[in-house]
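Residue numbers (our numbering): -8 to 379.
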Amino acid sequence: MKTIPYGRHSIDSNDINAVLEILNSDFLTQGPAVKIFENNIEQYCNVRSAIVVSNATNALYLSCLALGVGAGDYVWTTAITFVASANCALYCGAAIDFVDIDSRSFNISVDSLRNKLIDAKQKNKLPKVLVVVHFTGEPCLMAEIWNLSQEFGFKIIEDASHAIGAEYYGKKVGSSEMSDLTVFSFHPVKIITTAEGGAITTNSSELAEKLRLLRSHGITNDRSKMLIRPNHEVWNYQQISLGFNFRMNDVQAALGTSQLSKIEEFLRKRNAIADVYDARLEPLPLKLQCRNKDFKSSHHLYVVRFDYSRTEKKQKDIYSNLKKKGIEVNLHYIPVYRQPYFESLGFKVGYCPQAELYFHEAITLPIFPALTFDNQMHIISALEEALK
Ligand SMILES: *Cc1c(COP(=O)(O)O)cnc(C)c1O
């Protein structure tokens, strides 16, 4: 049997035709496809503005810049996430710090957050921005986090790289109702793909305008934004801030629109796979993720934790066992502060106790729309075998 990856894109002939249409058109980049994709995201998420960019890492960076993050500021995120959720702060010259996770949802712990905020207030080191991550596609407790942001005066970026299509009390993640900005990733392992790509959603027209400028060199061709220059000079555009080229191109955007039109089908399949795992893995010596019944996960990842009170098997042995059978299990994630680069910034082993426990117990099982029932049964029986 071919190896089974932990995640994989689903591309069909409609996607291919959408891309071909752009390749045969007048604009490969800076054409109409980008705006169309943005409008589709706005409608899907029920949000005022969507700004698509080259990838979610740059989306997070621009989000921090738009919120004014800079030297002397603190940005906080959860300990269990991809490194990009933390690096955005460092790009801006700010300091990063980590909040421990909830042992059951694997998302940021609201209790740890509150305690850390109380402590930081006394030390005059409150964060300017909190990056919350809807880990695996399970929404964070946004109302609680929003209330803390009002009490302690910080901004919120939702890193929803896992979570396009997820719902919080019936509202789509990305509606940005309880945050300043939400970031999506369209990397091929995520829910929908543009090969590389990302998006930022916001209800603030001021932030949207800043983000559009930052995405494209800080250049505007809007007369009302330009400085007055001598009348005889030709000024068809002006650079009015320091921006980047973090644009998404039209080939990617057309693929994105095509992918987004199939998102309900992708989510339905992911949900069905998660249901099968939930039912079949229940009797094994595992701790399954507790998902909130009032939310809807997008099931980007299916993570289980080994319950060492019920099995003697070692995490590493179970890993290699499954890998030998062609199952590309993974670990999402090593606590970010344990990465050598972050250790070089001064973070120490044991900094977030729940994240460390998680690190030694977790494994990511394959989940993606095209995963067949037979393959899933193969994965489940291999895991049963490995745990015996
Ligand atoms: C994938 C991912 C990113 C980065 O996405 P890119 O589009 O690859 O830059 C950021 N944060 C999280 C949580 C992710 O899973």
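The C-beta atom is built at its ideal place from N, Cα and C for all residues, glycine as well.
In the DSSP assignment, the alpha helix (DSSP H) including residue i goes from what residue to what residue?
{"i": "S103", "result": "101 to 113"}
{"i": "I264", "result": "254 to 272"}
{"i": "W137", "result": "133 to 143"}
{"i": "T48", "result": "47 to 57"}
{"i": "A154", "result": "Neither: A154 is in no alpha helix (DSSP H) and is coded neither H nor E."}
{"i": "S40", "result": "No alpha helix (DSSP H) holds S40; the beta strand (DSSP E) holding it covers 40 to 44."}
{"i": "L233", "result": "L233 -> no alpha helix (DSSP H), and no H or E assigned at all."}
{"i": "I371", "result": "364 to 378"}
I'd like the span of the beta strand (DSSP E) that includes residue i, first residue to last.
{"i": "I27", "result": "Unbroken run through I27 is the alpha helix (DSSP H), 24 to 36; no beta strand (DSSP E)."}
{"i": "S176", "result": "172 to 176"}
{"i": "F18", "result": "Per DSSP, F18 belongs to no beta strand (DSSP E) and is neither H nor E."}
{"i": "F89", "result": "86 to 90"}
{"i": "I191", "result": "189 to 193"}
{"i": "T355", "result": "353 to 356"}
{"i": "K119", "result": "Per DSSP, K119 belongs to no beta strand (DSSP E) and is neither H nor E."}
{"i": "K65", "result": "First, the amino acid is wrong: residue 65 is Tyr here, not Lys. Unbroken beta strand (DSSP E) run through Y65: 65 to 69."}
{"i": "F297", "result": "293 to 297"}
{"i": "K284", "result": "Neither: K284 is in no beta strand (DSSP E) and is coded neither H nor E."}
{"i": "K304", "result": "Per DSSP, K304 belongs to no beta strand (DSSP E) and is neither H nor E."}
{"i": "K278", "result": "277 to 279"}
Given that a residue counts as buried once 16 or more other Cβ atoms are within 10 Å of its Cβ, and exposed if not, what is residue i?
{"i": "G165", "result": "buried"}
{"i": "T48", "result": "buried"}
{"i": "V340", "result": "exposed"}
{"i": "M133", "result": "buried"}
{"i": "S215", "result": "exposed"}
{"i": "M381", "result": "The first residue shown for the chain is -8 and the last is 379, placing residue 381 beyond what the model contains."}
{"i": "K114", "result": "exposed"}
{"i": "Q250", "result": "buried"}
{"i": "L14", "result": "exposed"}
{"i": "S232", "result": "exposed"}
{"i": "T(-6)", "result": "exposed"}
{"i": "K107", "result": "buried"}
Return yes when at least one heavy atom of ligand 3 lies under 8 Å from the C-beta of residue i, else no.
{"i": "N31", "result": "Ligand 3 is not part of the structure shown, which contains ligand 1 as its ligands."}
**Report entry** Contact shell at 6 Å, judged by CB to any heavy atom of ligand 1, ordered along the chain
**Finding:** Selection around ligand 1 by beta-carbon proximity, strictly under 6 Å to any non-hydrogen atom, yields N46, A47, T48, T72, F73, A75, S76, V124, D150, S152, H153, S176, H178, G189 in chain order.
Report task. Determine contact between the segment 157 to 169 and the segment 347 to 366, defined as no fewer than three beta-carbon pairs at a distance below 8 Å. Result -> With a cut-off of 8 Å, the segment 347 to 366 and the segment 157 to 169 do not count as touching, because too few Cβ pairs lie within range.
Query - Given 8 Å, three or more beta-carbon pairs between the segment 290 to 307 and the segment 126 to 135 - result: Yes: at least three Cβ pairs fall under 8 Å.
Query - Meets three-Cβ-pair contact criterion under 8 Å: the segment 215 to 233 and the segment 277 to 284 - result: By the criterion of at least three beta-carbon pairs nearer than 8 Å, the segment 215 to 233 is not in contact with the segment 277 to 284.
Query raised in the report: Quick one: any contact between the segment 203 to 210 and the segment 164 to 179, if contact means 3 or more CB pairs under 8 Å?
Result: No: the two stretches stay apart, fewer than three of their Cβ pairs being nearer than 8 Å.
Query raised in the report: Can at least three beta-carbon pairs, one atom from the segment 16 to 29 and one from the segment 235 to 243, be found at a separation below 8 Å?
Result: The answer is yes - the segment 235 to 243 touches the segment 16 to 29, with three or more Cβ pairs under 8 Å.
Query raised in the report: Can we say the segment 76 to 93 touches the segment 254 to 264, given the rule of at least three CB pairs closer than 8 Å?
Result: Not touching, per the Cβ criterion.
Query raised in the report: Does the count of Cβ pairs from the segment 7 to 14 and the segment 187 to 194 closer than 8 Å reach three?
Result: The answer is no - the segment 187 to 194 does not touch the segment 7 to 14, with fewer than three Cβ pairs under 8 Å.
Query - At least three beta-carbon pairs within less than 8 Å, the segment 35 to 44 to the segment 88 to 98 - result: With the cut-off at 8 Å, the segment 35 to 44 and the segment 88 to 98 do not touch.
Query raised in the report: If we count Cβ pairs, one from each stretch, closer than 8 Å, do we get three or more for the segment 292 to 306 versus the segment 324 to 341?
Result: The segment 324 to 341 and the segment 292 to 306 do not touch, with fewer than three beta-carbon pairs separated by less than 8 Å.
**Report entry** Stretch-stretch touch, CB-based, cutoff 8 Å, three pairs: the segment 107 to 124 with the segment 138 to 152
**Finding:** Enough Cβ pairs lie closer than 8 Å, so yes.
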